[in-house]
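Below is one structure, written out as structure tokens, with a few remarks after it.
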Amino acid sequence: MKRITSLLFFIWLSVTVKAQEDSLCIRLDSLLRDEMFETSQVGLMVYDLTADSTRFAFNHRQLLRPASTMKLVTAVTALDLLGGDYEYKTAIYYTGSIIDSTLTGDIYCVGGFDPMLTEDDVKSMAFQLLQLGIDSISGSLFADCSMKEALEYGEGWCWDDDNPLLTPLSIGRKNIFTDRLMAALAENNVAIGGITLGEATLPNGAQLVCRYTHGIDHVLMRMLKDSDNFYAESMFYQTAAASGHHPAKASDARNATKRLIGRLGLGKNPYKIADGSGLSLYNYVSAELLTMLLRHAWRMPAIRSHLLPALPIAGVDGTLKDRMKRTAASGNVRAKTGTLTGISSLAGYCTSADGHRLAFAIINQGVMRNKVGKDFQDRVCRVLCETLLTPTLSTLSTDYE
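Here the working numbering is used: position 48 in the sequence shown is 58, and no number is missing along the way.
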């Protein structure tokens, strides 16, 4: 009798599991029958992190433009390569000698492409220079921007967009760092009449005055929550600089990303990595790639612990603040949004009704009204958050036990 009960239980269990899987597939399939797909396309993948298996896939390998979900690619690559303790660095050096409170020599401002530099940081750097005991400077104030290549724009950026200038030494995205440092010195009564401004690379033997840093977590927070393109490009070039090439090039960052993709087993796919922010029209990835990067991040606590807090939360903050409110997805979905003309995307994590952790990616392409794409993505997220993925044990299982 016990063997018969056991057999019945496993039959019941397999049927129930199949029914649960079918329930998810049926609901998602019904969404894909929307008339919007008569004129647009979508790539969609749902991966069960708890069960370590694919739950749903549709056009998941089609190459599509990711828009700002490209920032997920950049973030996971950076955390994987640089680590969560990585710091952006900006430094001030000087050469020459200080005699009778006069610096006869040059000051070098070495940029590390820190997007978080502020006016207050520059004033603090000026104060550190004053600690050398100087009240006048005779020489030059140089900006050292050799950390990265001279290109100020990303590959495939539209000329008529409001694009940030990709300079490694800036304040508020403007190339005004040395001007602000000069002004801060003058405010502290340093005679700067003999200073000339210019650009030059830090020479050997220069003496460090100060170094200012910002942690990668602070950059990630604004980059992902607010979808900040400048912050994303700065992180893209940090991965480039890790190659050891000086100046670092966008091609170095692309190669770093491709190496990670290769480790995920997707290296043979013809993805196109153009920039770090998703502004470029040359980026082509797939829902599968985004999902597998999310899976990789989830499986690596050293990545997950930094990535997850920086993702927008549905109905709560960031670019998802006003989406999915008063639904099962509110406060549940943590995901990166993406928007360009004709493109709407969403990729991230959520939890099913019975506690399964899911990674998902949705890329809508050819949607002329972004609201249409966003509404579709929100419906998908509600399905994922409402559906039971694990069968509920009945009295039959109790009998078996």
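For every residue, glycine included, the Cβ atom is placed at its ideal position computed from N, Cα and C.
{"query": "Distance between residue 98 and residue 202 (C-alpha atoms, nearest Å)", "result": "29 Å"}
{"query": "Stretch-stretch touch, CB-based, cutoff 8 Å, three pairs: the region 120-130 with the region 153-166", "result": "yes"}
{"query": "Pair within 7 Å by beta-carbon distance, residue 297 and residue 80", "result": "no"}
{"query": "Residue 49 to residue 83 span [Cα, whole Å]", "result": "28 Å"}
{"query": "Secondary structure of residue 350, DSSP reduced to three states", "result": "strand"}
{"query": "Exposed unless 16 or more other CB atoms sit within 10 angstroms - verdict on residue 393", "result": "buried"}
{"query": "Proximity to residue 395 [Cα-Cα], best of 324, 374 and 377", "result": "324"}
{"query": "Whole-Å CB distance - residue 175 paired with residue 162, under 8 Å assumed", "result": "5 Å"}
{"query": "Presumed contact (8 Å Cβ cut-off) between residue 51 and residue 375, rounded CB distance", "result": "5 Å"}
{"query": "Touching by the beta-carbon criterion (3+ pairs, under 8 Å), the region 261-272 and the region 61-76", "result": "no"}
{"query": "Pairwise C-alpha distance: residue 186 and residue 338", "result": "47 Å"}
{"query": "Reduced DSSP category for residue 407 - H, G, I as helix; E, B as strand; rest coil", "result": "For residue 407, the predicted model reports a pLDDT of 35, less than 50, meaning its position is unreliable; a value from the coordinates is still stated below. Reduced to three states, the DSSP call for residue 407 is helix."}
{"query": "Simplified DSSP assignment, three categories, for residue 397", "result": "coil"}
{"query": "Cβ shell of residue 238 (< 7 Å), same chain only, five flanking positions each side left out", "result": "232"}
{"query": "Residue 101 - partner residues in DSSP beta bridges", "result": "120 and 221"}
{"query": "Test item: CB-CB of residue 413 and residue 286 under 7 Å", "result": "A question about residue 413 goes unanswered here, because the residues of the chain that appear run from 11 up to 411."}
{"query": "Residue range of the unbroken alpha helix (DSSP H) whose run includes residue 261", "result": "260-273"}
{"query": "Of the listed residues 373, 127 and 219, nearest to residue 116 (C-alpha basis)", "result": "219"}
{"query": "N- and C-terminal bounds of the alpha helix (DSSP H) containing residue 85", "result": "80-92"}
{"query": "Beta-carbon proximity list for residue 259, same chain, < 7 Å, skipping 5 on both sides", "result": "159 and 250"}
{"query": "Backbone secondary structure at residue 20 - three-state DSSP", "result": "Note that residue 20 scores a pLDDT of 45, beneath 50, so its modelled location is shaky; the value from the coordinates is reported in the next line. Helix."}
{"query": "Closest residue to residue 126 among 226, 354 and 329 (Cα-Cα distance)", "result": "226"}
{"query": "Straight-line Cα distance separating residue 38 from residue 21", "result": "Below a pLDDT of 50, predicted positions are generally treated as unreliable, and residue 21, at 40, falls in that range; the measurement from the model is reported next regardless. Cα to Cα, the separation comes out at about 26 Å."}
{"query": "Reduced DSSP secondary structure (H/G/I, E/B, other) of residue 392", "result": "helix"}
{"query": "7 Å Cβ cutoff met for residue 114 and residue 148", "result": "yes"}
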